[in-house]
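The sequence shown begins at 24 in the working numbering and counts up one residue at a time.
We put the CB at the ideal spot given by N, CA and C, even for glycine.
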Amino acid sequence: MVKKKTARQKIREKNLKKETRDEDPMVQDAASEWSSEAGGTSASERASVKRKMAKQIRFLNKLEETQRVLSAQKKNFKKKRKSQKTGRALNDLSSLSEFLPSITASTTTTTSSKVLRSKAKQTIVTNETKQLAAVLSHPQFKANPFAAIQQHLTTTLPPPLPVPNVKVTAKAGSKKKK
Numbered sequence: 024m025v026k027k028k029t030a031r032q033k034i035r036e037k038n039l040k041k042e043t044r045d046e047d048p049m050v051q052d053a054a055s056e057w058s059s060e061a062g063g064t065s066a067s068e069r070a071s072v073k074r075k076m077a078k079q080i081r082f083l084n085k086l087e088e089t090q091r092v093l094s095a096q097k098k099n100f101k102k103k104r105k106s107q108k109t110g111r112a113l114n115d116l117s118s119l120s121e122f123l124p125s126i127t128a129s130t131t132t133t134t135s136s137k138v139l140r141s142k143a144k145q146t147i148v149t150n151e152t153k154q155l156a157a158v159l160s161h162p163q164f165k166a167n168p169f170a171a172i173q174q175h176l177t178t179t180l181p182p183p184l185p186v187p188n189v190k191v192t193a194k195a196g197s198k199k200k201k
């Protein structure tokens with residue numbers, strides 16, 4: 024399996040091919056300007072100025088190259104994503120909403136689950152343990168647990184919705200055989 028090269032690796036290869044360290048005219052111009060402003064006249068000062076400027080320009084070139092490569096990759100990624108989106112079979116689902124009104128109504132009433140922190144979880148646990156202890160010590164629960172649970176559910180839960188009777192009329196044997 025061949026690994027993809029990173030943007031930085033591609034830049035290094037380009038820089039190795041160029042090999043324009045101190046021969047770069049930009050470096051020489053910038054170094055001469057900087058040395059004339061600083062007033063450095065010795066050869067060692069000029070050499071150090073050239074090295075510093077060359078290093079700075081190499082760094083800026085690296086930044087430009089990485090930015091260029093990354094922007095090209097981003098453009099390619101956006102093109103791929105756009106082509107994948109347009110290539111789908113069902114782009115418009117508005118016609119399905121006519122046939123499924125009950126599903127759209129049920130999706131609007133969904134509740135989002137909250138992520139609880141440990142403090143909130145601890146308070147819930149303590150409240151639930153107190154509630155369980157109260158239920159277990161209740162005399163009606165001690166006498167008949169199933170009847171107590173059934174009575175609790177009938178009082179707390181809403182009544183079930185009536186199921187509509189739908190007649191399905193299908194003709195038997197209406198399919199044509201080849």
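Can residue i and residue j be called in contact, C-beta distance under 8 Å?
i	j	result
residue 147	residue 85	no
residue 88	residue 26	no
residue 205	residue 163	Summary: the structure shown does not reach residue 205, with the chain confined to residues 24 through 201, and so no result is reported for it.
Could you tell me which of the options sits nearest to residue i, measuring between CA atoms?
i	options	result
residue 96	188, 175, 171 and 29	29
residue 41	81, 75 and 65	81
Run the CB neighbour count on residue i, radius 10 Å, all protein chains shown included, and call it buried at 16 or more, exposed below.
i	result
residue 72	buried
residue 77	buried
Just curious, the alpha helix (DSSP H) that residue i is in, first and last residue?
i	result
residue 149	141-160
residue 176	168-179
Between residue i and the rest of its own chain, which residues show a CB-CB distance below 6 Å, the 5 nearest in sequence each way excluded?
i	result
residue 161	none
Given residue i, which residues of its chain have a CB within under 8 Å of its CB, disregarding the five upstream and five downstream residues?
i	result
residue 92	30, 33 and 34
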